[in-house]
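Q: Mind having a look at this structure? Questions to follow.
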Amino acid sequence: MKGRFSLIAISLVVILVFIFSSSLWAASKIVIGHPACLSGKYAKAGEQALGGVKACVDWINNVYGGVKIGGKKYLIKYKYYDCESKKESVTSLIGRLITVDKVNVVFAPYSSGLTLRGAPVAESHRMLYMDHGGANNKIFRQGFRYIVQTIGPASRYHEGTLDMIHKIDPAAKRVALAYEDSEFAKMVMEGAEAHAKKLGFNIVFKRTYPKGVTDLTPLLSAFKGAKPDFILGGGHFEDGQLFNRQMADLDINVKALSLIAAATLPAFYKALTSMAEGVMGPSHWEYGVKYSESRAKKAGLPWIGPTQDGFVALFKKAIGKNIIPDYHAAEAGAQVLAYVLAAKKANSLNSDKIRAALGDLKFMSFYGGWDIDDTGLQIGHSMVDVQWQMGKRVIVWPPEGQTGKLVYPMPTFAEKAKGKLAVPR
Amino acid sequence: MRKTVQRYYPLFPVFAAYFILFLVGKNVSGMWQLVSTLLFYCALGQAFNIFLGMTGYVDFGYVAFMGVGTYGMAIAITRLAHVEALGVLIVAIGFAMALVMAALLSVAVGAVALRLRGAYFAIATIGVNEGFRFLIEGAKIWNGSDGMIFTAQLNQILGRETASALSTFWADVIVLIIAVLAAFVTLFYMKSKIGYALTALREDEDAAVVMGINVTKYKIIAFITSASFAGLVGATSWALKTPYVFPPEVFEIHYTIEAIIIVLLGGAGTLLGPVAGALIYGISKYYLSIFLPGFQLLIFAPIIIIIIILFPEGVIGMLKKSFRDSTLMRFII
Chain A
1 MKGRFSLIAI
11 SLVVILVFIF
21 SSSLWAASKI
31 VIGHPACLSG
41 KYAKAGEQAL
51 GGVKACVDWI
61 NNVYGGVKIG
71 GKKYLIKYKY
81 YDCESKKESV
91 TSLIGRLITV
101 DKVNVVFAPY
111 SSGLTLRGAP
121 VAESHRMLYM
131 DHGGANNKIF
141 RQGFRYIVQT
151 IGPASRYHEG
161 TLDMIHKIDP
171 AAKRVALAYE
181 DSEFAKMVME
191 GAEAHAKKLG
201 FNIVFKRTYP
211 KGVTDLTPLL
221 SAFKGAKPDF
231 ILGGGHFEDG
241 QLFNRQMADL
251 DINVKALSLI
261 AAATLPAFYK
271 ALTSMAEGVM
281 GPSHWEYGVK
291 YSESRAKKAG
301 LPWIGPTQDG
311 FVALFKKAIG
321 KNIIPDYHAA
331 EAGAQVLAYV
341 LAAKKANSLN
351 SDKIRAALGD
361 LKFMSFYGGW
371 DIDDTGLQIG
381 HSMVDVQWQM
391 GKRVIVWPPE
401 GQTGKLVYPM
411 PTFAEKAKGK
421 LAVPR
Chain B
1001 MRKTVQRYYP
1011 LFPVFAAYFI
1021 LFLVGKNVSG
1031 MWQLVSTLLF
1041 YCALGQAFNI
1051 FLGMTGYVDF
1061 GYVAFMGVGT
1071 YGMAIAITRL
1081 AHVEALGVLI
1091 VAIGFAMALV
1101 MAALLSVAVG
1111 AVALRLRGAY
1121 FAIATIGVNE
1131 GFRFLIEGAK
1141 IWNGSDGMIF
1151 TAQLNQILGR
1161 ETASALSTFW
1171 ADVIVLIIAV
1181 LAAFVTLFYM
1191 KSKIGYALTA
1201 LREDEDAAVV
1211 MGINVTKYKI
1221 IAFITSASFA
1231 GLVGATSWAL
1241 KTPYVFPPEV
1251 FEIHYTIEAI
1261 IIVLLGGAGT
1271 LLGPVAGALI
1281 YGISKYYLSI
1291 FLPGFQLLIF
1301 APIIIIIIIL
1311 FPEGVIGMLK
1321 KSFRDSTLMR
1331 FII
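In order, the protein sequence lines correspond to chains A and B. FYI, in my numbering the residues of the first sequence are 1 to 425. FYI, in my numbering the residues of the second sequence are 1001 to 1333.
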């Protein structure tokens, strides 16, 4: 009996010593809170974001060696819940993350609407709120003080495309804008129009079409008469591929065609096959983009984070699937890196100090450049432009990220119908 | 006098539930935002129950009234923000606009759709919801598909601190008041001629007509009341709490489905039912999303099916059956 009592006592002491010592040895934690969209309408983007954050947290903890602040080493912990892509859940979960889980920073959910929904709650707690999925510029005109953007703003989606054509073909001046009547597409095209005018392009046609459109021939016939050199358009996948298909049917040929949201998807080429050859689309990030430590050096920016292939490997490990991450994953991951650099720079975990440090931060990672303006709007990240060439997506812009040369002008639809592919010279 | 007080006994458990929710939200750290979600579901359920519960008609386009109410508040704020003298009165104007716009829409819809019954009525109301959304987007009414974001205007007219308090606390308190008002109106209808007429038409509309009840009149009363409360809920939960309006988000049919689930879970046509349904629905969803993020809907769907099979008349309907002759029934209807 006595022996059994001693055994229990010794075991208890061992357990207590273990718990006590392990808590002493363990590094302190910085907690990232995230009401992720794991179900509902943004589930696909949400899963990617989750994988991207986990991949970069893994890299910070295990490769970078944690974060040193005030001489103390911190590891990053990622705390997430599923907001179901619903605004009611976003506020309740952000409330819980801040007050119960005591997180140090909140990552916004996906989309501009959900990001906006969470912003007042984060602001009321003076909590840093990092946006990786809300592209609407208007978020940053509302006077929020703790919000910082990693995703490129909607107004800059087509800046790269316009810069590229301006450089390659200065004679091409006639631009047509034909896009979906949606908040996102309108914001994109407003930015494109402003940038086009700045570069000296003439907007020869500008018109929207309704969501869920099933016939674009009246609109396409109307702009055929305007004889544009190139077209910026689209809105979503369905209308984007309809746009391309009906341009082919009507044999409307332009030197370049760039469609938002649709043209970068593999399903776009699957649906259109050779008719998609030479068509372009802007993307925040694409696998294959050539951002690297040496390119960062050239650009005079500090580099942080895994290489592109390192990120892809960590992403696959994080989500347990053998898939290539898309831009949702990359921008969410880059946000972790921005936070770590700013916390180090501020030498503090205080949201106000980190927010101030983020304002002065400029860096490059596998995702590309990162820099924000006073309102928190992302201004340092360039979109990449992707073009379908011989059935493959090739990054043609910006020069520091390109994997191939632009095929310009793209083949005509008659040539494509005969099997001609977009082959760079 | 005693009889008059007794009429209102059923409000006690409803108000007790709201009071406890408020206390939990105020005093338990991290609970306020959950409580605010629960209050939203309670108010939504109470408002929807006035029509679905009392008439048996399923209005799949119910969210349209919330959407219009949201626009009412948004229009008041965006159009009047420059009138500095208005101050907090702008919110009162917003509520008035939300109420009037939702009521007007319900009159227009009710005049046509309430001549239909069953599936035809349900389909017609879906059409109204989608049609109204496309009208706003297509005709570019109220900024069309661009929607409105008005945090900056709210900050400008109320000041940053007050605007923030309005979004994160006072909006939820107003939702609580709307839920209380909806419960009060529900009980008033239940205990009046309106309630008896609605019960008669819910049980057998043709028989009610033969009995000389003007069913169209009573259906329209329930429809407009329910829609007006929806407008107020939209103006508060979607405009004051979330200072933006995008048409696809405020006309999302998903919210009508949630309202139907809440009312059926708790017990359609009962006073306490929508509160019970909202609490079961909101709390289970919240904790499942915390403990099993990403899998909660997989688990939640069978739970709802089991509850509906076990309690076809809802949780409160089952309680009413079980305690039919007890004094408890004075409090539960």
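Glycine included, each C-beta is placed from N, C-alpha and C at the ideal position.
1) Chain A partners of Thr1037/B, CB-CB under 8 Å?
2) Per DSSP, what are the beta-bridge partners of Glu180/A in this structure?
3) So does Leu1052/B have its beta carbon nearer than 8 Å to some heavy atom of the ligand SAH?
4) Among Asp131/A, Ile30/A, Pro109/A and Phe107/A, which residue has its Cα nearest to the Cα of Ile372/A?
5) Could you check where the alpha helix (DSSP H) with Val1068/B kicks off and where it finishes?
6) Could you list which residues in chain A have their beta carbon closer than 7 Å to that of Ala1152/B, in chain order?
7) For Ile1261/B, which residues does DSSP report across the bridge?
8) What's the call for Phe20/A, buried or exposed, on a 16-neighbour Cβ count within 10 Å?
9) How would you list, in chain order, the residues of chain A whose beta-carbon sits under 8 Å from the beta-carbon of Arg1160/B?
10) Is there a Cβ from chain B that is less than 9 Å from the Cβ of Glu238/A?
11) Would Val148/A pass as an interface residue toward chain B - the criterion being a Cβ-Cβ separation below 9 Å?
12) Count the C-beta pairs between the region 1247–1260 of chain B and the region 1014–1030 of chain B that are closer than 8 Å, then say yes if the count reaches three, no if not.
13) Report all residues from its chain with a CB closer than 8 Å to the CB of Ile139/A; omit the five preceding and five following residues, and keep chain order.
14) According to the neighbour-count rule (16 or more other Cβ atoms, all chains shown, within 10 Å of its Cβ), is Val289/A buried or exposed?
15) Going by DSSP, what residues sit across from Lys34/A in a beta bridge?
16) For Pro411/A, does the count of other Cβ atoms within 10 angstroms reach 16, so buried, or fall short, so exposed?
17) In the DSSP assignment, find the beta strand (DSSP E) that holds Ile260/A and state where it starts and stops.
18) What does Phe1246/B reach in chain A if we use C-beta pairs closer than 7 Å?
19) Please tell me whether Gly233/A has its Cβ less than 9 Å away from any Cβ of chain B.
20) Can you pull the DSSP bridge partners for Gln389/A?
21) In the DSSP assignment, the beta strand (DSSP E) including Pro306/A goes from what residue to what residue?
22) In three-state DSSP terms, what is Trp397/A?
23) Within 10 angstroms of its Cβ, does Gly1082/B collect 16 or more other Cβ (buried), or is it exposed?
24) Please determine, among Ile1253/B, Glu1313/B, Ile1283/B and Leu1310/B, the residue with the shortest C-alpha to C-alpha distance to Phe1300/B.
25) Quick one: is Lys1026/B near chain A, going by C-beta distance under 9 Å?
26) For Val31/A, which residues of its own chain have a beta-carbon under 6 Å away from its beta-carbon, when the five flanking residues on both sides are left out?
27) Would you kindly work out how many angstroms separate the C-alpha atoms of Glu1249/B and Thr1225/B, rounded to a whole number?
28) Within 10 Å of its beta-carbon, does Gly281/A have 16 or more other beta-carbons around it, so buried, or fewer, so exposed?
29) For Ile1213/B, name the three-state secondary structure that DSSP assigns.
30) For Pro282/A, which beta-bridge partners are listed by DSSP?
31) Span of the beta strand (DSSP E) holding Tyr129/A?
32) Quick one: give me the first and last residue of the beta strand (DSSP E) that Lys68/A is part of.
33) Kindly indicate which residue of Phe1311/B, Ala1179/B and Tyr1287/B has the alpha-carbon position closest to the one of Val1275/B.
34) Using the Cβ count rule (16 or more neighbours within 10 Å means buried), how would you classify Lys193/A?
35) Looking only at its chain, what residues have a beta carbon closer than 7 Å to the beta carbon of Ile252/A, apart from the 5 residues adjacent to it on each side?
36) Report yes or no: do the region 359–373 of chain A and the region 285–303 of chain A share at least 3 C-beta pairs separated by less than 8 Å?
A: Let's see:
1) In chain order: Glu88, Ser89, Thr91 and Ser92.
2) DSSP output for Glu180/A lists Tyr209/A as bridge partner(s).
3) As for the ligand SAH, it is missing from this structure, which has no ligand bound.
4) Restricting attention to Asp131/A, Ile30/A, Pro109/A and Phe107/A, the CA atom closest to the CA of Ile372/A is found in Asp131/A.
5) Counting along the chain, the alpha helix (DSSP H) containing Val1068/B begins and ends at Val1063 to Leu1080.
6) Arg141, Gln142 and Gly143
7) Answer by DSSP bridge pairing: none, since Ile1261/B is not bridged.
8) At Phe20/A, the pLDDT of 42 sits below 50, so the modelled position is not reliable and the matter cannot be decided from this model.
9) Near Arg1160/B (Cβ distances below 8 Å), the residues of chain A are Gly143.
10) No, because no Cβ of chain B sits closer than 9 Å to the Cβ of Glu238/A.
11) no
12) Contact between the region 1247–1260 of chain B and the region 1014–1030 of chain B is absent, because fewer than three Cβ pairs lie under 8 Å.
13) These residues qualify, in order along the chain: Ser112, Thr115, Leu116, Ala119, Asp131, Ile147 and Gln149.
14) buried
15) Note that residue 34/A corresponds to His in the displayed sequence, not to Lys. DSSP, once it has assigned bridges, lists Tyr80/A as partnering His34/A.
16) buried
17) Counting along the chain, the beta strand (DSSP E) containing Ile260/A begins and ends at Ala256 to Ile260.
18) Here the neighbours are Gly113 and Glu183.
19) No, no contact with chain B.
20) Lys392/A
21) Premise fails: Pro306/A is in no beta strand (DSSP E) and is neither H nor E.
22) strand
23) In the sequence under discussion, the amino acid at residue 1082/B is His, which differs from the Gly named in the question. His1082/B comes out exposed.
24) Closest by alpha carbon: Ile1283/B.
25) No, no contact with chain A.
26) Lys77, Lys79, Val103 and Asn104
27) 23 Å
28) So Gly281/A ends up on the buried side.
29) coil
30) Asp385/A
31) Tyr129 to Asp131
32) Looking at the DSSP string, the run of the beta strand (DSSP E) that includes Lys68/A is Val67 to Ile69.
33) Ala1179/B
34) With the sequence shown as reference, residue 193/A is identified as Glu, and Lys is not the correct amino acid for it. That one is buried.
35) Within the same chain, Ile252/A has close Cβ partners Leu220 and Lys224.
36) Three or more beta-carbon pairs separated by less than 8 Å link the region 359–373 of chain A to the region 285–303 of chain A, which places the two stretches in contact.
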